[in-house]
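Sequential numbering of the sequence shown, starting at 83, is according to my numbering. All C-beta atoms, glycine included, are put in the ideal place defined by N, C-alpha and C. Since this is a predicted model, take the numbers as computed values, not measurements. One structure below.
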Amino acid sequence: TAAAVVDKGEGSEEKYICGYIVSEIEEASAEVRKYLMEHLPHHMVPAKIIQLKELPTTVNGKIDRKALRRLEEEREYIAPRNEMERKIAQIWREQLKVDRVGIDESFFQLGGNSISVFNFILCLEAYDIKIKASDLFQYPTVRDLSRFIMGDLNINNSSPSNSINKIEEIKIKNSNLLGQMEPFNDIFYKNCFYNSLFPVLKYFNLSIMPVLINDIIVYDFHREKRDVISYLPTQSIEEVIRDMNIEVGFMTDSDDIVKDIIKALSSHKPVIIWIDCYYSPIRHDEYKKKHLPHTLLIYDYDEAERVFYTIEHTNQYSFNYKKRTISYTAAAKGFYGYQRYYNSEGFNAYYDFSYGGKVNFMLNAVDQSHIRNTFKSNFDKNKEKIYSGLDGIKEFREYFLSICNSEATLFTNIDETIEKINSVINAKKVEEYRNRILFDDLKGPLRLMETILEQWTLIRMILLKSNYHKNYDKTQLDLCSRQFNQIYSLEYIYNDLLETTFKGIFFP
């Protein structure tokens, strides 16, 4: 038994990890994947695991990694062999817009994201086949997923086989400059800048709570307003970061952005830049298709390969930030594209970060009393807006009823409505995440927010199913209307409970 891992992708292409195993057990890749998912962070689990008869070696007896990289390129396409494999492959071809799907190709390497995962699950339900999203992450190839559905993989309650206990090597490049800079995928906060910032705070061993409690989240929907939620900041993000004793360098533009990034990284300063995704080849959803402002966190570079190491997600609607590479040229084009299309007013487009002394908020050692009292103060300052904002739920309900008057108006407005609800769900997930740290010893606020989140998620589920099947089901839409009334009542109770909680656990 032996195994090896290599990174795949050339130049500025999307990088991913490909694993190779040698085992006497037939089709052991699913068992290996399950073991790795239990013992490694998600971003370190190979996107593909390929089983070989033997690993190629050099004349010196070492694993020939160049040969491994060629193996996949030369690997024979294996067509679906049975009805289940054909069914899965057909759905993937139609959903992911690819010409053909072999049984060993990964759903996610073919372009799958969180939305297409949901749509795939719905398609299977039409055949009376039920799986969870986690099942597709665990069995991402046609071969393994088919065997899982058919019950051929008896691994759900089994211990890992001895065949995977001697994995010789898992070699994933760690940053030489900044150590373990890890993606942050717990929550989506406000916009992409924060999913670039939070890994920096974590790298500095800082809590993200000072950022999360700085904003009070309120409903703020009106007919003429696109958003349903508003974030009311107490301080600017620059002030919050400064209070955490982080020094921030920033620029609105740069004569040589590659040189400036390398200079910062060489001083052990992670960098965030704004780019236009139209120029980013690692963003296949937008590259040369659509202009979109976005941030990149850059934490290392390779002068020989002329690439930056970055943390990025695969497309606008997927929440799967991971370590990737982008060429110097592509990063520069993205930066200057942003300047051309989005930065006419001269906003900051470059940030670098470093310690500024003793840290205030150490991860796992947050001053709970200080954090709670700061949040209480921010809550009190915005109490009137919080309660008046709840009327926005009623307004959104009226808007929802108006678009549900007919099948035509529903399907004309359904995509935009789902986007609005997504923004609410993201905000409620932030509140749930924040509450678990603020009130880890109090079940009331936690359970109420979980229930509110469940209600919004149910409404979204009904709309997604209606949109996918193009089914105008008045009974289900009426159920959504009742859910809005419940959400309104629950939000009032939740905020009243917060006030009561503050009085009980804080000093006046």
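- Query: Who are the Cβ neighbours of P281 in its own chain at under 7 Å, not counting the five residues just before and after it?
  - Reply: Against the sequence shown, residue 281 aligns to sequence position 199. M263, E264, P265, F266, L379, I393, listed in sequence order.
- Beta-carbon separation (whole angstroms), Y570 vs I475, contact threshold 8 Å: Counting from one through the sequence shown, the residue named residue 570 turns up at place 488. Counting from one through the sequence shown, the residue named residue 475 turns up at place 393. Right, their Cβ atoms sit about 5 Å apart.
- Message: Just to confirm my understanding: we take V506, look at its own chain, exclude 5 residues before and 5 after, and list those with CB closer than 7 Å. What are they?
- Response: As a first step, residue 506 must be located in the sequence shown, where it is residue number 424. Correct list, in chain order: V310, I311, W538.
- May I ask you to list the residues that DSSP assigns as paired with D297? Numbered from its first residue, the sequence shown carries residue 297 at position 215. P315, per the DSSP bridge assignment.
- Query: To which residues of the same chain is V180 closer than 8 Å at the C-beta, ignoring the five residues directly before and after it?
  - Reply: Taking the first residue of the sequence shown as position 1, residue 180 is located at position 98. Contacts found: W174, L192, G193.
- Query: For I544 versus C562, is the C-beta distance shorter than 8 Å?
  - Reply: Within the sequence shown, the letter at position 462 stands for residue 544. Within the sequence shown, the letter at position 480 stands for residue 562. Against a cut-off of 8 Å, the Cβ pair of C562 and I544 comes out as a contact.
- Sub-8 Å separation of I453 and M326 beta-carbons: By one-based count along the sequence shown, residue 453 stands at place 371. By one-based count along the sequence shown, residue 326 stands at place 244. Cβ distance not < 8 Å, so I453 and M326 don't count as in contact.
- Item | Between the CA atoms of L483 and L579 - distance to the nearest angstrom | Locating residue 579 in the sequence shown gives position 497, counting from the first residue. Locating residue 483 in the sequence shown gives position 401, counting from the first residue. Rounded to whole angstroms, L579 to L483 spans 30 Å at the Cα level.
- Mind checking whether P375 and A412 have CB atoms under 8 Å apart? Along the sequence shown, read from residue 1 onward, the residue named residue 375 stands at position 293. Along the sequence shown, read from residue 1 onward, the residue named residue 412 stands at position 330. It is not a contact, given that the beta carbons lie outside the stated cut-off.
- Message: Let me confirm a value: R163 is counted as buried when at least 16 other C-beta atoms fall within 10 Å, else exposed. Which label applies?
- Response: Against the sequence shown, residue 163 aligns to sequence position 81. By the neighbour-count rule (16 or more Cβ atoms within 10 Å), R163 is not buried but exposed.
- Message: On the CB-based measure, 16 or more other CB atoms within 10 Å of its CB, does Y159 come out buried or exposed?
- Response: Numbered from 1 along the sequence shown, position 77 holds the residue referred to as residue 159. Exposed.
- Query: Secondary structure at I541, three-state DSSP: helix, strand or coil?
  - Reply: By 1-based counting over the sequence shown, the position of residue 541 is 459. I541 falls in the helix class under three-state DSSP.
- Excluding sequence positions up to five away, which residues of its chain have a Cβ less than 7 Å from the Cβ of L472? Taking the sequence shown and counting its residues from 1, one reaches residue 472 at position 390. Excluding sequence neighbours, L472 sits near Y301, Y570, E573, Y574.
- Quickly, what does DSSP pair D432 with across the bridge? List them, please. For the purposes of this step, residue 432 is taken as the residue at position 350 of the sequence shown. A quick correction: the sequence has Tyr, not Asp, at residue 432. In DSSP, Y432 forms a bridge with M333, I355.
- Task: Could you tell me whether the stretch 501 to 518 touches the stretch 269 to 289, where touching means 3 or more Cβ pairs closer than 8 Å?
- Result: When C-beta atoms of the stretch 501 to 518 are compared with those of the stretch 269 to 289, three or more pairs fall below 8 Å, so the two segments count as touching.
- Message: The alpha helix (DSSP H) that contains P281, what's its start and end?
- Response: Here residue 281 is taken as the residue at index 199 of the sequence shown, counted from 1. Element bounds for P281: 274 to 285.
- Excluding the five sequence neighbours on either side, which residues of its own chain have a C-beta within less than 6 Å of the C-beta of N460, listed in chain order? Taking the first residue of the sequence shown as 1, we reach residue 460 at position 378. Around N460, the same chain offers I298, T316 as residues with beta carbons nearer than 6 Å, after the five sequence neighbours per side are excluded.
- Is V224 closer than 8 Å to E187 when the C-beta atoms are compared? Taking the sequence shown and counting its residues from 1, one reaches residue 187 at position 105. Taking the sequence shown and counting its residues from 1, one reaches residue 224 at position 142. Contact flag set, yes.
- Throw me the rounded Cβ distance for the Y361 and G419 pair, which I believe falls under 8 Å. For this step, residue 361 is matched to residue 279 along the sequence shown. For this step, residue 419 is matched to residue 337 along the sequence shown. At roughly 4 Å, the Cβ-Cβ gap stays under 8 Å, so Y361 and G419 are in contact.
- Message: Cutting at 8 Å between CB atoms, please list the residues of its own chain near N549, excluding the five before and the five after it.
- Response: Here the question's residue 549 lines up with position 467 in the sequence shown. Cβ within range, chain order: F493, I496, D497, I500.
- Query: Taking C359 as the reference, which of E387, V293, Q398 has the closest Cα?
  - Reply: Mapped onto the sequence shown, residue 359 falls at position 277. Residue Q398 is the option with its Cα nearest to C359.
- Message: Using 8 Å as the threshold, is the C-beta distance between F435 and V330 below it?
- Response: Residue 435 sits at position 353 when you count from the first residue of the sequence shown. Residue 330 sits at position 248 when you count from the first residue of the sequence shown. Yes; because the gap between Cβ atoms is below 8 Å, this pair is in contact.
- Task: Note the first and the last residue of the continuous alpha helix (DSSP H) segment covering V224.
- Result: The residue labelled residue 224 in the question sits at position 142 within the sequence shown. Counting along the chain, the alpha helix (DSSP H) containing V224 begins and ends at 224 to 232.
- Task: Starting from the C-beta of E167, find all residues in its chain whose C-beta is less than 8 Å away, skip the five residues before and the five after it, and write them out in chain order.
- Result: Within the sequence shown, the letter at position 85 stands for residue 167. Same-chain partners within the cutoff: I185, V224, R225, S228.
- Task: On a CA-only basis, which of I131, I99, V127 is nearest S105? Give me that one, please.
- Result: Translated into positions along the sequence shown, residue 105 becomes position 23. Comparing Cα positions, the closest option is I131.
- Query: What are the residues that DSSP puts in a beta bridge with S188?
  - Reply: Taking the sequence shown and counting its residues from 1, the one referred to as residue 188 is at position 106. T223, per the DSSP bridge assignment.
- Task: Identify the continuous beta strand (DSSP E) that holds V624 and give its terminal residues.
- Result: Nothing about residue 624 can be reported from this structure: the residues present for the chain run from 83 to 590 only.
- Using the beta-carbon count (16 or more within 10 Å), is G428 buried or exposed? On the sequence shown, position 346 is the one that residue 428 refers to. Burial call: exposed.
- In angstroms, rounded to a whole number, what distance separates the CA positions of I355 and V340? Translated into positions along the sequence shown, residue 355 becomes position 273. Translated into positions along the sequence shown, residue 340 becomes position 258. If you take the alpha carbons of I355 and V340, they lie about 11 Å apart.
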